[in-house]
Amino acid sequence: MKVICAGVSKTGTKSMAKALRILGYKTYDFVEQLQFFPDEFDDYFTYGKRPDFQAMFQDVDAVTDTPASILFEELFEIFPDAKVILTVRDNEQVWAKSYSEHLKLFTCWTWIYGYMFLGRKRFRVITSLDNALLGSRNPSSSLIHIKRYQLHNQRVQQIIPKDKLLVFNVKQGWKPLCEFLGRKVPDEQFPRANVGGQHAKSFLRHSFQKVLMIMAFLVLGVAIIVFLIIKKI
970 MKVICAGVSK TGTKSMAKAL RILGYKTYDF VEQLQFFPDE FDDYFTYGKR
1020 PDFQAMFQDV DAVTDTPASI LFEELFEIFP DAKVILTVRD NEQVWAKSYS
1070 EHLKLFTCWT WIYGYMFLGR KRFRVITSLD NALLGSRNPS SSLIHIKRYQ
1120 LHNQRVQQII PKDKLLVFNV KQGWKPLCEF LGRKVPDEQF PRANVGGQHA
1170 KSFLRHSFQK VLMIMAFLVL GVAIIVFLII KKI
């Protein structure tokens, strides 16, 4: 592990993941972490059974977003030579507004078909992460969200040695990031990803389509059964 991105969700984590990949780092973002390690994270967050992080991430160069950002302390303990990047927004209010808009997408019904799309363990990991980070999933609880955001950022800066830490806003572009990592500045523009919560909206759209497909098969199955019963009568 060479780079641990300790910034919480909605601080430009998707842009950071793309940037690190452009720089040649094998990067596990939120999607890869939940795709490859649902059992390990579920065991840790639900039952307190600590996984073997060394084995999980031995072939990974960098991690971004949750769950890794929440577990920055555990990961830095195992990979003490890694550099840590704390992604931040312009201010706490900007971040809180962005996260509030994100939470508004997830109503009761979207969580139901999100559960069906993700499966029990991944869904449970996501809810555990939100509870750990936010303290409240109410989109209107901005005060609580800001306090949690501040506490997380303060903790990162208290624990990680200054020579190992970069506090970074993706608006700053390539220069400070590449200077910190000792990499050459790429010729292309710094990536800008997940604008307006595109990833969450895409996830909800795909999970809703999957639920519709399941419902269509159920309706078709019931129709066939009814037809066969009527035919026998």
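The sequence shown finishes on residue 1202 if you use this note's numbering, and the numbering steps up by one all the way, no holes.
Heads up, the beta-carbon is just placed ideally off N, CA and C, and yes, glycines get one too.
- Rounded to whole angstroms, the gap between the alpha carbons of T1056 and Q1004 is 23 Å.
- In the three-state scheme derived from DSSP, where H, G and I count as helix and E and B as strand, I1129 is classed as coil.
- If only complete runs of 3 or more residues are kept, the stretch 1094-1157 shows the beta strand (DSSP E) at 1134-1137, in order along the chain.
- Shortest Cα-Cα distance from P1007 to any of I1193, L1098 and A1162 involves L1098.
- Taking a cut-off of 8 Å on C-beta distances, the stretch 1047-1056 touches the stretch 1114-1126, as three or more cross pairs fall below it.
- Relative to the Cα of D1050, the nearest Cα in the group L1120, I1129, L1040 and S1069 belongs to I1129.
- In terms of Cβ geometry, L1134 and R1106 do not form a close pair [threshold 8 Å].
- If only complete runs of 4 or more residues are kept, the stretch 997-1057 shows the alpha helix (DSSP H) at 999-1005, 1007-1016, 1022-1025 and 1041-1047, in order along the chain.
- In this structure, the alpha-carbon of E1157 lies about 12 Å from that of K987.
- With 16 or more neighbouring CB atoms inside 10 Å of its own CB, I973 falls in the buried class.
- Secondary structure at V1063: helix, using DSSP grouped into helix, strand and coil.
- Membership of S978 in any alpha helix (DSSP H) is not indicated, and neither H nor E is assigned to it by DSSP.
- Scanning its chain for C-beta atoms nearer than 7 Å, with the 5 sequence neighbours on each side dropped, one finds around W1064 the residues K979, T980, R1058 and Y1118, in chain order.
- The residues L1003 and P1007, in chain order, have a CB closer than 7 Å to that of R1091 in the same chain once the five nearest residues on each side in sequence are set aside.
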